[in-house]
Each structure stands twice: as structure tokens, then as C-alpha cells.
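Listed in order, the protein sequences are those of chains A and B. Going by the numbering used here, the first residue of the first sequence is number 706, and it counts up by one from there. Going by the numbering used here, the first residue of the second sequence is number 119, and it counts up by one from there. Since the structure comes first, as C-alpha cells, the remarks are kept for the end.
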Amino acid sequence: MKLVVDWDLCEGHGQCEFAAPDVFSINDNGDLEVLEGPLPGSELASVEQAVRRCPVRALKLEG
Amino acid sequence: MTITKPDSDIDLMDLAPFIDGTENDLLARLRAAEPLHWNTEPEGPGFWSLTRYSDIIEVVNDPLTFINGEGTQILSRKVEGGTSTVHNTDPPRHGKLRKLVTPHLRAVKISEWHDVIAEAVDDILDSVAEQNEIELVSTVSALLPIRVLGQVLGVPLEDCGLLLDWTNRVVSDDPEFMKGPDEKERAREELFGYFRELTAKRRAEPRNDIISKLVAAEIDGEPLSWEDLAAYYFVLVGAGNETTRNLITGAVLAFDQFPDQWDALVADHSLLRPAIEELLRFVTPIRAMRRTAARDVEWQGTTIREGDKVVLWFQAANRDPEIFEDPDALRIGRSPNDHLGFGWGIHACMGSHLARAEVTTFFQKVLERGIRFRPLEEPDRLHTNQFHAFKRLRVAVETS
Ligand code: HEM
Ligand code: SF4
Chain A
706 MKLVVDWDLC
716 EGHGQCEFAA
726 PDVFSINDNG
736 DLEVLEGPLP
746 GSELASVEQA
756 VRRCPVRALK
766 LEG
Chain B
119 MTITKPDSDI
129 DLMDLAPFID
139 GTENDLLARL
149 RAAEPLHWNT
159 EPEGPGFWSL
169 TRYSDIIEVV
179 NDPLTFINGE
189 GTQILSRKVE
199 GGTSTVHNTD
209 PPRHGKLRKL
219 VTPHLRAVKI
229 SEWHDVIAEA
239 VDDILDSVAE
249 QNEIELVSTV
259 SALLPIRVLG
269 QVLGVPLEDC
279 GLLLDWTNRV
289 VSDDPEFMKG
299 PDEKERAREE
309 LFGYFRELTA
319 KRRAEPRNDI
329 ISKLVAAEID
339 GEPLSWEDLA
349 AYYFVLVGAG
359 NETTRNLITG
369 AVLAFDQFPD
379 QWDALVADHS
389 LLRPAIEELL
399 RFVTPIRAMR
409 RTAARDVEWQ
419 GTTIREGDKV
429 VLWFQAANRD
439 PEIFEDPDAL
449 RIGRSPNDHL
459 GFGWGIHACM
469 GSHLARAEVT
479 TFFQKVLERG
489 IRFRPLEEPD
499 RLHTNQFHAF
509 KRLRVAVETS
């Protein structure tokens with residue numbers, strides 16, 4: 706599973722950070738930062754929730 | 119303007135069901151029989167109502183067609199006054215305004231306010247713990263949000279009481295808070311006068327609060343005008359105060375209706391996080407928000423005309439059986455739970471992390487102290503269809 710962020714859509718709402726704080730964080734400029742590298746399997750459920758939570762549909766799981 | 123509009127006997131401007139608490143039946147009837155419903159208004163052009171989850175998601179995901187700039191209240195007036203707030207601004211300016219504040223309200227930043235929240239909750243619970251019976255709204259629910267939000271904004275603790283009084287008078291439409299016709303205007307002037315002084319103080323000596331961040335902020339190289347700043351403070355206080363208050367009162371009522379769910383929480387405090395999401399769904403403090411069609415739209419065989427008001431009933435979506443199994447039951451472990459309690463799309467709540475932190479800390483401490491609030495009578499509800507709001511609720515305070 707690969708996490709894809711549509712950076713044109715992301716508005717830094719941070720709902721993803723609430724759902725999966727170990728994967729997503731918003732920096733002090735309000736921009737999203739995502740954990741680098743492959744997604745640990747243990748994070749899958751919370752990342753799925755983040756995908757659904759994102760109000761602008763900027764997140765996708767592929768593969 | 120619009121030519122064919124189906125009529126129906128359901129009138130969402132009739133406040134009776136919203137006052138006696140039977141509005142969910144009404145909304146369910148509408149969702150099943152007439153998901154796009156035209157409602158007349160005694161003094162206004164009338165409005166469309168949407169009650170299905172999928173329809174509401176479609177509208178909020180199309181913010182260029184369904185805009186906020188013409189107002190977000192069902193009635194055609196802007197409570198916010200002349201200057202547009204982040205809430206009734208449309209893209210592209212909306213995103214720029216939003217980004218000035220969201221970094222400071224995100225989950226990790228809110229954890230810095232943990233001590234302020236915990237102290238507020240402890241003070242409030244200390245003050246009621248020894249009593250057998252209390253009026254919950256005025257002694258508990260109303261005190262926590264304004265005290266926390268005030269401090270996050272930059273209002274000193276000792277002034278948070280003043281803030282509460284002003285906001286009751288400015289935001290509310292209930293005649294009870296209105297001592298005269300000019301009351302709202304006077305309260306608004308007092309509130310803005312206070313914020314004007316505070317703004318000058320924070321400009322001179324910035325702190326770690328939202329007012330300090332906003333006075334230093336720029337959009338396209340320009341600092342915000344006083345009107346923009348005032349509108350921002352006003353929308354934060356207006357949006358963050360009563361909503362959180364009503365979630366607390368609504369939660370106490372919900373647990374009274376489903377006592378086994380409270381027992382489950384007592385047995386396992388780790389259910390608190392999903393429980394808060396379920397309460398947001400079940401209570402839905404903001405029942406509805408309005409958009410305005412920016413062009414003619416074909417919608418399920420009907421034309422929504424440019425300029426028509428379109429009201430999104432989040433409360434009806436939150437009980438849509440297509441999305442939520444057994445929607446009228448409170449199930450604290452519900453998962454997934456993609457409720458619309460905080461809305462959805464580009465205008466989704468900016469204060470969601472703060473609100474969750476407040477309400478979670480509140481119930482965490484209620485559980486730790488072994489307190490159980492038991493409503494003694496039907497609540498006294500505010501006379502409004504747009505907000506799920508409680509004026510008064512007498513409860514017994516039981517401690518185990
Ligand atoms: C339980 C408490 C709360 C609930 C249920 C709630 C609910 C909502 C909802 C449903 C919306 C969407 C409005 C729309 O689509 O037109 C919204 C927007 C908003 N909320 Fe909240 N809210 C809560 C607490 C807060 C707090 C604590 C703050 C401030 C720190 C806040 C600030 C805002 C702002 C500024 C907006 C407008 C955002 C925009 O238009 O981009 N809310 N809220
Ligand atoms: S929730 Fe969506 S918009 Fe918000 S920061 Fe995450 S990806 Fe970006």
C-alpha cells in the first residue's frame with residue numbers, strides 16, 4: 706500500500722494528523738509533512754481513516 | 119425565481135419540533151420522502167433543504183457552485199456583520215484566511231493547551247462535586263469552552279466571564295438574553311472595544327496566542343485590517359463557544375437515554391475517543407449550515423436557480439441509514455464514524471481538535487472522579503432550528 710498526497714488539494718486541515726499522528730504532521734507554516742518511506746502495516750487502519758477524514762480528499766491509498 | 123417547487127407539509131421554519139426534541143423524526147421523513155425539499159419563509163425568499171449524507175457531501179465538495187459568501191445562516195442575514203469572516207468567504211481568499219489560524223489549532227499545538235484545559239475542568243468539577251443537584255448549562259457546559267477558547271485567543275483568564283456574557287448577547291437570538299432591541303448592537307460594540315484594546319496590547323508585546331499570531335499575519339504581503347481581525351475573533355468565539363457547550367449538555371442527555379453506553383465507558387475509559395466522535399454524530403451541535411447556488415444547477419430533476427439558498431442538514435446526514443447502521447442508537451464504539459458533526463469540505467471545522475480536547479478532558483475527569491450526571495427533567499432548548507442548543511438542564515450529581 707502506498708500513500709499518495711495530492712499537494713494541489715491539501716490545505717493543511719490536519720484531520721489526517723488527528724487520525725494518524727505517527728504518519729502525518731503539520732509544520733509551523735501550516736503545511737503537511739508525511740512520514741518518509743514505506744507505510745508500516747500497523748498504521749494501515751489509521752491511515753485509511755485519515756484518507757476518509759481529509760475534507761478535501763487530498764489523500765489516496767494505492768496498490 | 120424558481121418555477122416548479124414541490125410543496126410538502128413539512129415546514130422546517132416551524133420551531134416546535136426543535137424545541138420539544140422530536141426533530142429527528144421530521145428530518146427522517148424528509149430524508150426518505152423528499153431529499154430535496156423547498157421550504158417557504160415567512161419573511162424571505164425560501165430555501166432548499168438537503169437531508170441525505172451523499173447529497174450533502176456532494177454540495178460541500180463543490181464550493182465554487184455552492185458558495186458561503188452570501189451567508190451561512192438559514193435566514194438571509196449575516197450575524198457576523200459587515201465584514202466577511204473565514205466562514206462566509208469563498209476561494210481563493212478563504213484558503214488564505216484559513217491558513218493564518220489552522221497551524222495554531224492543529225492537534226499537536228492543542229496539546230500545548232492541555233494544562234489550561236485540565237485546570238479549567240478541575241475548577242468546574244470542584245465547584246459542583248459537593249452538590250446533589252445543579253443546573254448543568256450555567257455551572258458546567260457554558261463555562262468550559264469560553265474559558266479555554268478565551269485563553270487560546272489571548273484573553274486573560276479573569277476576563278473570560280465578560281466574554282461569556284457578551285457572546286450570549288451577541289450570538290443568541292433567544293429573547294431571554296435580549297434585554298432590548300439594541301442589546302445585540304451594544305454587546306457587539308462592547309466586545310469589539312475590548313478586542314481592540316487587547317489587539318493593541320498583543321501588537322506591542324506578542325505572546326503565544328491567536329491574537330498575537332493574527333496581528334503579525336499577512337495576506338499577499340498586506341497585514342489584516344482591523345475589520346478583518348475583528349471578524350476573525352468574532353467567528354472563532356461564535357463558532358467555538360456554544361457548539362462545544364451544547365456537545366457537553368447533549369452528551370449528558372445522550373448517556374441518560376443510553377445508560378448502558380455510559381456503563382461501558384466506565385468499564386473501559388479507552389473507549390472515550392470513539393465515544394466523542396459518536397457524540398458529535400448523535401448530538402450534532404450545528405444542525406444545519408447554508409450555501410447559496412452561484413449558478414443554475416440541475417439537481418435530481420429539479421432546477422436549483424442561481425441565488426437560491428441551499429440548507430445542508432448535517433443532523434439528518436448524521437442519521438442517514440445508508441451510512442450509519444442503527445443510526446438512532448448511541449454506540450460509543452462505532453467505527454468507522456465519518457460523521458458530519460464538524461462539517462466536511464473546505465469549510466470543515468477549524469476548531470475540531472480544540473473541541474475534541476476539551477470534551478475528552480472533561481469526560482476523562484468526570485470518569486476518574488466517578489461522577490455521573492443524571493438529568494432530572496427535559497432540557498429547556500433554545501428556540502432555533504439551526505443549532506442543537508440547550509438553555510437549561512437540571513441534573514443530579516452522583517458520585518460513586
Ligand atoms: C463541538 C464543538 C464544535 C462543533 C460541533 C463545530 C462544528 C462546526 C461545523 C459543522 C462547521 C462547518 C460549517 C459549514 O460547513 O458551513 C464548523 C466550522 C467552523 N468552526 Fe467549528 N465546531 C466546534 C467547535 C469549534 C471551535 C472550538 C472553534 C474555534 C477554535 C471552531 C471554529 C470554526 C470555524 C472558524 C469554522 C469555519 C471554518 C471555515 O469556514 O473554513 N469550531 N464548525
Ligand atoms: S486532512 Fe487533507 S487537507 Fe488536511 S492536512 Fe491532511 S491531507 Fe492535507
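Here a beta-carbon is modelled for each residue, glycine too, at the ideal position from N, C-alpha and C.
Alpha-carbon spacing of Leu371 (chain B) relative to Ala507 (chain B), whole angstroms: Leu371 (chain B) and Ala507 (chain B) have their C-alpha atoms roughly 12 Å apart.
Helix, strand or coil at Asn142 (chain B) according to DSSP, with G and I counted as helix: helix
Buried versus exposed call for Pro330 (chain B) [16 or more other C-beta atoms within 10 Å across all chains shown]: For the record, residue 330 (chain B) in the displayed sequence is Ser; it is not Pro. When all chains shown are included, Ser330 (chain B) counts as buried.
Counterpart residues of Met407 (chain B) in DSSP-defined beta bridges: B:Leu430
Three-state secondary structure assigned by DSSP to Thr421 (chain B): In the structure shown, Thr421 (chain B) sits in a strand (DSSP, three-state: E or B).
4-residue-minimum alpha helix (DSSP H) runs that sit fully inside the region 253 to 329 of chain B, ordered along the chain: Taking only runs of at least 4 residues, the alpha helix (DSSP H) segments lying wholly in the region 253 to 329 of chain B are 261 to 271, 278 to 289, 301 to 322.
Residue closest to Glu716 (chain A), alpha-carbon to alpha-carbon, out of B:Gly459, B:Thr207, B:Ala466: B:Ala466
Cα-Cα separation between Pro324 (chain B) and Pro454 (chain B), rounded to whole angstroms: 42 Å
Cβ-heavy atom distance, Asp371 (chain B) to the ligand HEM, below 7 Å: The amino acid at residue 371 (chain B) is misidentified as Asp; the sequence shows Leu. No, since every heavy atom of the ligand HEM falls outside the 7 Å radius drawn around the Cβ of Leu371 (chain B).
Residues within the region 313 to 334 of chain B neighbouring chain A, beta-carbon criterion of under 7 Å: Only those residues of the region 313 to 334 of chain B whose C-beta falls short of 7 Å from the nearest C-beta of chain A would be listed, and there are none.
CB contact below 8 Å: Glu716 (chain A) versus chain B: Interface residue, yes.
Alpha-carbon to alpha-carbon, Ile366 (chain B) and Leu511 (chain B): 11 Å
Interface positions of the region 711 to 737 of chain A facing chain B (Cβ-Cβ less than 9 Å), listed along the chain: Glu716, Gly717, His718, Gly719, Gln720, Glu722, Phe723, Pro726, Ser730, Ile731, Asn732, Asp733, Asn734, Gly735, Asp736
Gln754 (chain A): CB within 7 Å of a non-hydrogen atom of the ligand SF4: no
CB contact check: Lys302 (chain B) to chain A, cutoff 8 Å: Judged by the 8 Å Cβ criterion, Lys302 (chain B) is not in contact with chain A.
Closer than 8 Å to chain A by CB, Thr122 (chain B): For Thr122 (chain B), the predicted structure reports a pLDDT of 43, less than 50, and the residue's modelled location is therefore unreliable. The matter cannot be settled from this model.
According to DSSP, residues forming a beta bridge with Glu416 (chain B): B:Thr421
Cutoff 8 Å: Pro760 (chain A) Cβ touching any chain B Cβ: yes
The alpha helix (DSSP H) enclosing Asn364 (chain B), as first and last residue numbers: 360 to 375
CA-to-CA distance, Leu148 (chain B) to His155 (chain B), given in whole angstroms: 8 Å
Closest Cα partner of Lys509 (chain B) within the set B:Leu398, B:Leu500, B:Asp240: B:Leu500
Asn503 (chain B) versus Gly164 (chain B): straight-line alpha-carbon distance, rounded: 15 Å
Integer-rounded CB distance, given that Ala514 (chain B) should sit under 8 Å from Glu251 (chain B): Beta-carbon to beta-carbon, Glu251 (chain B) and Ala514 (chain B) are separated by about 6 Å, close enough to satisfy the 8 Å threshold.
At least 3 beta-carbon pairs within less than 8 Å: the region 179 to 192 of chain B vs the region 400 to 419 of chain B: Inter-segment contact for the region 179 to 192 of chain B and the region 400 to 419 of chain B is present: three or more beta-carbon pairs are separated by less than 8 Å.
Cβ shell of Arg449 (chain B) (< 8 Å), same chain only, five flanking positions each side left out: Within the same chain, and ignoring the five residues on either side of Arg449 (chain B) in sequence, the residues whose Cβ sits closer than 8 Å to its Cβ are Gln379, Glu396.
Beta carbon proximity, Val204 (chain B) to chain A, threshold 8 Å: no
Beta-carbon gap between Lys765 (chain A) and Val728 (chain A) smaller than 8 Å: no
Contact test: Val710 (chain A) Cβ vs the ligand SF4 heavy atom, cutoff 7 Å: yes
is_contact[Thr502 (chain B), chain A] using C-beta, thresh 8 Å: no
Selection from B:Val415, B:Asp241, B:Leu347 that minimises the alpha carbon distance to Leu261 (chain B): It is B:Asp241.
Cβ-Cβ separation, Val177 (chain B) to Val428 (chain B) (assumed contact under 8 Å), whole Å: 6 Å
Counterpart residues of Gly162 (chain B) in DSSP-defined beta bridges: B:Glu159
Buried/exposed call for Met583 (chain B), threshold 16 Cβ in 10 Å: Nothing can be reported for residue 583 (chain B), as the shown portion of chain B is limited to 119 through 518.
Cβ-Cβ distance between Ala247 (chain B) and Thr517 (chain B) below 8 Å: Going by C-beta atoms, Ala247 (chain B) is nearer than 8 Å to Thr517 (chain B).
Touch test, the region 721 to 735 of chain A against the region 213 to 225 of chain B, Cβ-Cβ under 8 Å, three pairs minimum: yes
Which residues DSSP lists as bridging Ile489 (chain B), in chain order: B:Thr517
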